[in-house]
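Engineer: Chains as they are written, first to last, in my numbering: chain A, 1 to 323; chain B, 324 to 646. Glycine included, each C-beta is placed from N, C-alpha and C at the ideal position.
1. If you pair each beta-carbon of the stretch 81–90 of chain A with each one of the stretch 246–261 of chain A, do three or more pairs fall below 8 Å?
2. Would you report the Cα separation of residue 535 of chain B and residue 597 of chain B, rounded to the nearest angstrom?
3. Confirm, please, whether the CB-CB distance from residue 134 of chain A to residue 162 of chain A is below 8 Å.
4. Can you find a CB in chain A that lies within less than 8 Å of the CB of residue 627 of chain B?
5. Closest Cβ-Cβ distance between residue 644 of chain B and chain A: below 8 Å?
6. Could you name the residues of chain A that residue 364 of chain B contacts, counting a contact when the two beta carbons are closer than 7 Å?
7. Who are the Cβ neighbours of residue 541 of chain B in its own chain at under 6 Å, not counting the five residues just before and after it?
8. Does any C-beta atom of chain B lie closer than 8 Å to the C-beta of residue 54 of chain A?
9. What does residue 544 of chain B pair with, by DSSP beta-bridge criteria?
10. What does residue 454 of chain B touch in chain A if you count any residue whose Cβ is under 8 Å from its own?
11. Kindly list the residues whose CB is nearer than 6 Å to the CB of residue 297 of chain A, restricted to its own chain and excluding five residues on each side of it in sequence; keep chain order.
12. When the cut-off is 8 Å and only beta carbons count, does residue 441 of chain B lie next to chain A?
13. I want to verify the contact list: residues of chain A whose CB lies under 9 Å from the CB of residue 605 of chain B, in sequence order.
14. Excluding the 5 residues flanking residue 239 of chain A on each side, which residues of the same chain have their C-beta closer than 7 Å to its C-beta?
15. Could you say which of A/128, A/148 and A/93 lies nearest to residue 109 of chain A if we only look at CA atoms?
16. So which of A/280, A/263 and A/115 has the shortest CA-CA distance to residue 224 of chain A?
17. By the criterion of Cβ-Cβ separation under 8 Å, what are the contact partners of residue 548 of chain B in chain C?
18. With DSSP collapsed to three states, give me the class of residue 490 of chain B.
19. Of all Cβ atoms in chain A, is any one closer than 8 Å to the Cβ of residue 385 of chain B?
20. Please classify residue 642 of chain B: does DSSP put it in a helix, a strand, or coil?
21. For the beta strand (DSSP E) containing residue 99 of chain A, name the first residue and the last one.
22. Please report the straight-line C-alpha distance between residue 570 of chain B and residue 612 of chain B, rounded to a whole angstrom.
23. Applying the criterion that 16 or more other CB atoms from any shown protein chain within 10 Å of the CB defines a buried residue, is residue 455 of chain B buried or exposed?
24. Could one say the Cβ of residue 484 of chain B lies closer than 8 Å to chain A's Cβ atoms, at least one of them?
25. Compute the distance between the beta-carbons of residue 526 of chain B and residue 487 of chain B, then report whether it is under 8 Å.
26. State yes or no: is the beta carbon of residue 70 of chain A nearer than 8 Å to at least one beta carbon in chain B?
27. Give the list of continuous alpha helix (DSSP H) stretches no shorter than 4 residues that lie fully inside the stretch 489–520 of chain B.
28. Here's the rule I'm using: 16 or more other beta-carbon atoms within 10 Å means buried, otherwise exposed. How should residue 153 of chain A be labelled?
29. Between residue 361 of chain B and residue 448 of chain B, is the Cβ-Cβ spacing less than 8 Å?
30. Here's the rule: buried if 16 or more other CB atoms are within 10 angstroms of the residue's CB, otherwise exposed. What is residue 636 of chain B?
31. If you drop the 5 nearest sequence neighbours on each side, which residues of the same chain put their C-beta closer than 6 Å to that of residue 559 of chain B?
32. Rounded to the nearest angstrom, what separates residue 632 of chain B and residue 97 of chain A at their Cα positions?
33. State the start and end residues of the unbroken beta strand (DSSP E) segment that holds residue 469 of chain B.
34. Taking residue 531 of chain B as the reference, which of B/496, B/481, B/521 and B/511 has the closest Cα?
35. State yes or no: is the C-beta of residue 67 of chain A within less than 8 Å of the C-beta of residue 265 of chain A?
36. Considering only their Cβ atoms, is the gap separating residue 639 of chain B from residue 85 of chain A smaller than 8 Å?
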């Protein structure tokens with residue numbers, strides 16, 4: 001039933017012989033790309049055009065200390081259930097540019113390639129999306145963990161977005177810039193204080209501190225969502241009749257903390273408060289069937305939140321061919 | 324707490340006035356892209372480099388006839404549960420290029436832009452991936468529905484992949500090329516027969532008919548999976564110790580037919596046989612925790628199959644920054 005075509009015969013005999021290729025083998029016809037394609041996804045919220053930019057992933061080895069209030073066997077099972085390795089949590093990073101028509105607003109800035117070798121692609125993906133860093137008008141920071149602020153600066157302390165107004169949560173600034181608080185912090189936290197000073201030190205006078213709840217750009221409101229850090233904020237992007245909830249770090253990986261919202265990650269500074277903020281925003285997203293964006297959700301990191309069992313499910317958006 | 328920076332003051336007064344812009348407004352700083360970014364995703368299976376290419380989506384209005392053996396209320400609920408509209412099924416298309424190192428093998432060819440306005444981007448995504456259609460060595464077709472074969476030709480009957488050996492399932496060829504069968508087919512099926520003749524007519528003598536189960540290229544085996552059409556095939560791509568199961572149309576949209584494998588879509592020509600083939604392959608994927616690719620799964624259309632309740636769940640792969 002399998003016909004041999006003229007082309008196959010030629011390739012297998014005359015042509016191949018002419019090229020010095022043994023019958024049955026073939027020259028490589030196209031080089032492998034050898035690297036991932038750009039991670040860029042666009043969608044609309046009302047009249048606004050949003051661009052999700054993938055910054056990469058941190059494959060974090062975890063043990064029984066990672067979730068404070070769950071048995072490690074349960075954490076491993078949750079990872080195994082979604083075909084992830086049981087001892088390594090792949091934490092992805094996705095930043096978001098909102099084009100309001102009059103402003104280019106960037107929500108968080110990625111790792112700046114200063115955290116781990118497998119992250120730092122936000123800059124090249126910004127370029128792939130055709131956006132010049134000089135064109136960013138406004139930056140809104142959710143909180144001061146390094147994977148959210150390091151992209152503001154190169155590792156040589158150069159400003160990456162020279163024309164952007166940088167907005168940060170006032171209580172976050174007050175906490176991390178307080179020398180007294182830093183002096184009493186344990187070493188694993190103290191490095192965050194030092195990093196905040198490195199990133200903001202030379203631009204401190206130009207940084208705009210916003211009150212959580214305040215609108216920071218047209219149609220972009222901030223929402224207090226404390227617990228993960230003392231001043232951690234989420235965002236609502238609204239245009240026309242549509243709105244989208246950017247969850248920031250209200251959860252880390254959804255397959256762990258959307259499904260098990262009561263679990264407290266060791267990186268949630270106040271675990272109980274983080275759970276309270278998490279339930280409040282996930283409840284709102286589920287009840288209102290809002291589109292959401294999650295900083296540590298799998299790229300393109302947008303979708304919806306559905307109630308499921310004791311927790312919730314993250315339902316990724318279907319990649320659309322048009323806006 | 325919200326500081327006004329020097330930059331904000333300037334933008335709101337002197338600079339803006341100089342540019343003739345009213346205070347409080349701003350010039351558009353970057354044009355919206357206005358269209359989706361390229362849909363290309365790469366991953367490895369052993370030494371092989373695979374490239375998933377998004378061809379777009381068919382937003383198909385559906386009614387109570389779409390699933391033969393389920394109440395339409397249940398179908399609507401299944402769509403509503405995953406935040407899809409209740410009367411329109413967005414059916415995505417994703418083709419796959421396998422670079423074996425010596426051959427570029429294309430599994431199915433997309434709609435060729437000949438089905439619906441929202442599909443036909445496979446060609447531009449192939450270009451974005453840096454792959455010349457002339458470099459495709461081998462094409463393997465799963466079955467003869469137009470969204471799988473139309474990409475072989477332009478609508479003006481030009482061959483799109485001039486150097487490719489075209490492999491088709493022998494029983495599929497025998498069925499659709501039989502004039503007697505065509506003569507007794509109802510009109511809604513007859514158009515498929517006519518389309519098959521349009522696509523294959525002028526190249527018929529060069530088409531290689533494979534026996535389902537046969538290996539058609541190095542490391543690419545075909546698997547009989549009849550029911551959706553009489554000769555429908557799935558594929559296993561194997562390299563080194565890894566393998567991946569390309570499910571072809573063993574299900575249409577996973578949120579309907581992976582979750583409810585017993586549901587028979589009206590587009591499954593033999594519904595009962597399609598369900599039997601579906602259970603067999605989904606069981607294999609779940610039991611072996613195989614990575615899968617689904618032609619009608621949301622882009623990038625790869626992930627895993629988990630057993631869940633009476634059916635299965637599709638767990639999309641996490642977008643990886645590296646191969």
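Structural biologist: According to the data block:
1. yes
2. A direct Cα-Cα distance of roughly 16 Å separates residue 535 of chain B from residue 597 of chain B.
3. yes
4. yes
5. yes
6. 37
7. 423
8. So yes, residue 54 of chain A belongs to the interface.
9. Residue 544 of chain B is bridged by DSSP to B/538 and B/559.
10. 30
11. Counting only Cβ-Cβ distances below 6 Å, and skipping sequence neighbours, we find 254.
12. By this cut-off, residue 441 of chain B is an interface position.
13. Result: empty, since nearest Cβ-Cβ is about 15 Å, beyond 9 Å.
14. 45, 46, 47, 48 and 219
15. A/148
16. Nearest of A/280, A/263 and A/115 to residue 224 of chain A, Cα basis: A/280.
17. The structure shown has no chain C; the protein chains it does contain are A and B.
18. strand
19. no
20. Residue 642 of chain B: coil per DSSP, three-state reduction.
21. 88–99
22. 14 Å
23. With fewer than 16 other CB atoms across the displayed protein chains lying within 10 angstroms of its CB, residue 455 of chain B is exposed.
24. no
25. no
26. False, the Cβ-Cβ gap to chain B never drops below 8 Å.
27. Entirely contained in the stretch 489–520 of chain B, the alpha helix (DSSP H) runs reaching 4 residues are, in chain order, 493–499 and 502–507.
28. Burial call: buried.
29. Yes, the Cβ-Cβ distance between residue 361 of chain B and residue 448 of chain B is below 8 Å.
30. buried
31. 544, 566 and 568
32. 39 Å
33. Per DSSP, residue 469 of chain B belongs to no beta strand (DSSP E); it is in the alpha helix (DSSP H), 469–472.
34. B/496
35. yes
36. No, the Cβ-Cβ distance between residue 85 of chain A and residue 639 of chain B is not below 8 Å.
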